[in-house]
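> Residue numbers (the numbering used here): 2 to 371. Can you read through this structure? Questions will come right after.
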Ligand SMILES: Cc1cc2nc3c(=O)[nH]c(=O)nc-3n(C[C@H](O)[C@H](O)[C@H](O)COP(=O)(O)OP(=O)(O)OC[C@H]3O[C@@H](n4cnc5c(N)ncnc54)[C@H](O)[C@@H]3O)c2cc1C
């Protein structure tokens, strides 16, 4: 595609965040152009689980992920050392969707919405007038940086300052095996977790995540004997793919006429499975702010949208890092499954802040009195 001389909104990056931002901008009547240096469908290390609130957020962009015929899951199960606790989502279901399928669906929706897409086009800078893409200046009223966790746009716009920034390392592989449960499973061990998402009638996606960049999926079996037993005879269907899971909150996500969205704008640890939901919600909020020509609105919404997933990520990382605390929590959940169900309801935004607080206090009390 030839790039235009100018556009209302130039989106740098055509991953889920860039596509969502461009679609939302079109929904508000903006002319939108997107450039990505890769060619679709773009793959990435991802747990491939989309929570019920993420499906609803995608729907608001006109993306019906259920239409992919992908594998629904009904809730979350925590497993450790032979113990397990599970809960169903209070409403709806989650979806295990191969990343390439998600990307393909989003590209189709963007085309339908009238987004101009330039694939294989690298952006090398931004100026006062617009964006340098494939060596050509494209004038832009608004510039959206959706160029992922390592975001050059973030650096160019001087938005690199962080309030928090830590990272873990993840490896993903798919296995040919019929999912053995209707839950997305998180297997816990000291210092690492394995999470397993059913993504097809005969396929699961497995992600190992830890602070150790050298801990690979082939090292996982001793840490997760139960999952290893399940997967022992399953053939892998994809090569191992690595990624960085960052817990990052920026001081600011916009400056002048530049706004960041998706992982470029900060992220929560992958263990929450909330990254996609967050970026769909950010895209909608950003388009509203562009329409009002006031990026301060986006800054405030971005902060609000991120609060609950950040809290859940902190809780999960606390459990991940403290074995004794986690064992107590597992025992409390086993004895009182309603506490776990309410924690899951909190994660997907179906519990009021007051009920979340009382649930947290009840969990704390059960753990103290075990
Ligand atoms: C291991 C792991 C597991 C995860 N599991 C889940 C999960 O189960 N559920 C969930 O909801 N979320 C999950 N997430 C989070 C989710 O994957 C991310 O939040 C999401 O991929 C971010 O999308 P993005 O579009 O912001 O970034 P990306 O997908 O990284 O896209 C950025 C795009 O920008 C392009 N680009 C970069 N620089 C340039 C340039 N200069 N010019 C042009 N193009 C450029 C790249 O080619 C790329 O396509 C997980 C994350 C990790 C790391």
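Ideal placement from N, C-alpha and C gives every residue a C-beta, glycine not left out.
If I measure Cβ to Cβ from residue 357 and keep anything under 7 Å in the same chain, skipping five residues before and after, which residues do I get?
Correct list, in chain order: 347.
> Would you check whether ligand 1 has a heavy atom nearer than 7 Å to the C-beta of residue 1?
With the chain running from 2 to 371 in the structure shown, residue 1 is simply not present.
> Based on Cα-Cα distance, which residue from 160, 370, 276 and 303 lies nearest to residue 245?
The shortest Cα separation from residue 245 among 160, 370, 276 and 303 belongs to 276.
> Starting from residue 343, follow the alpha helix (DSSP H) in both directions and report where the run begins and ends.
Residue 343 -> alpha helix (DSSP H) spans 338-348.
> Between 222, 35 and 214, which has its C-alpha nearest residue 82's C-alpha?
Selected option, being the one with the closest Cα: 222.
> In this structure, what does DSSP give as the bridge partners for residue 7?
Per DSSP, 140.
> Report the residue from 53, 41 and 123 whose alpha carbon sits nearest the alpha carbon of residue 105.
When only C-alpha atoms are compared, the closest one is 41.
> Compute every distance between the C-beta of residue 139 and the non-hydrogen atoms of ligand 1, then say whether any falls below 7 Å.
Checking every heavy atom of ligand 1 against the Cβ of residue 139, none is found closer than 7 Å.
> According to DSSP, residue 95 sits in a beta bridge with which residue or residues?
According to DSSP, residue 95 bridges with 74.
> Using DSSP's beta-bridge definition, name the partner residues of residue 194.
DSSP output for residue 194 lists 189 and 210 as bridge partner(s).
> Whole-angstrom Cβ separation of residue 360 and residue 340, contact assumed at under 8 Å?
6 Å between Cβ atoms; contact.
> Is the distance from the Cβ of residue 108 to the Cβ of residue 13 below 8 Å?
Against a cut-off of 8 Å, the Cβ pair of residue 13 and residue 108 comes out as no contact.
> In the DSSP assignment, what are the bridge partners of residue 34?
11 and 117.
> Check the DSSP bridge columns for residue 237 and list the partner residues they point to.
Looking at the DSSP assignment, residue 237 forms a beta bridge with 176.
> What residue ranges within the segment 14-69 form continuous beta strand (DSSP E) runs of no fewer than 3 residues, ordered along the chain?
DSSP runs (the beta strand (DSSP E)) wholly in the segment 14-69: 33-37.
> Mind checking residue 2: buried by the 16 CB within 10 Å criterion, or exposed?
Residue 2 should be labelled exposed.
> Where do the ends of the beta strand (DSSP E) carrying residue 242 lie?
Its beta strand (DSSP E) spans residues 242-251.
> With a threshold of 7 Å (Cβ to nearest heavy atom), would residue 280 be considered close to ligand 1?
For ligand 1, at least one heavy atom lies less than 7 Å from the Cβ of residue 280.
> Report buried or exposed for residue 113, applying the criterion of at least 16 other Cβ atoms within 10 angstroms of its Cβ.
Answer is exposed; the Cβ neighbour count stays below 16.
> Taking all protein chains shown into account, decide if residue 68 is buried (16 or more other Cβ within 10 angstroms of its Cβ) or exposed.
Its Cβ having fewer than 16 others within 10 Å, residue 68 is exposed.
> At which residues does the alpha helix (DSSP H) containing residue 305 begin and terminate?
Where residue 305 is concerned, the enclosing alpha helix (DSSP H) stretches over 296-322.
> Per DSSP, what are the beta-bridge partners of residue 166 in this structure?
In DSSP, residue 166 forms a bridge with 249.
> Could you tell me the distance, in whole angstroms, from the CA atom of residue 205 to the CA atom of residue 181?
The straight-line gap from Cα to Cα measures roughly 10 Å.
> How would you call residue 211, buried or exposed, if buried means at least 16 neighbouring beta carbons within 10 angstroms?
By the 10 Å Cβ count, residue 211 comes out buried.
> Comparing the C-beta of residue 313 with each C-beta of chain B, is any distance below 8 Å?
Within the model displayed, chain B is absent; a lone protein chain is all it includes.
> Measure how close the beta-carbons of residue 372 and residue 44 come, nearest whole angstrom, since I'm counting them as under 8 Å.
Coverage of the chain is limited to positions 2 through 371, which leaves residue 372 absent and any answer about it impossible.
> In the DSSP assignment, find the alpha helix (DSSP H) that holds residue 183 and state where it starts and stops.
Careful: residue 183 lies outside any alpha helix (DSSP H) and carries neither H nor E.
> With respect to 7 Å, is the separation between the Cβ of residue 245 and the closest non-hydrogen atom of ligand 1 below this value?
Residue 245: yes, Cβ under 7 Å from ligand 1.
> With which residues is residue 80 paired in a DSSP beta bridge?
Note: residue 80 sits in a beta bridge opposite 85 and 188.
> Leaving out the 5 sequence neighbours to the left and right, which residues in its chain are closer than 6 Å to residue 175 when beta-carbon positions are compared?
So the list reads 204, 206, 238 and 239, once near-sequence residues are dropped.
> Could you pull the start and end residues of the beta strand (DSSP E) that residue 126 belongs to?
Note, residue 126: beta strand (DSSP E), 124-127.
> For the alpha helix (DSSP H) containing residue 285, name the first residue and the last one.
Counting along the chain, the alpha helix (DSSP H) containing residue 285 begins and ends at 276-292.
> Using the C-alpha atoms, what's the distance from residue 269 back to residue 70?
The alpha-carbon atoms of residue 70 and residue 269 are separated by roughly 28 Å.
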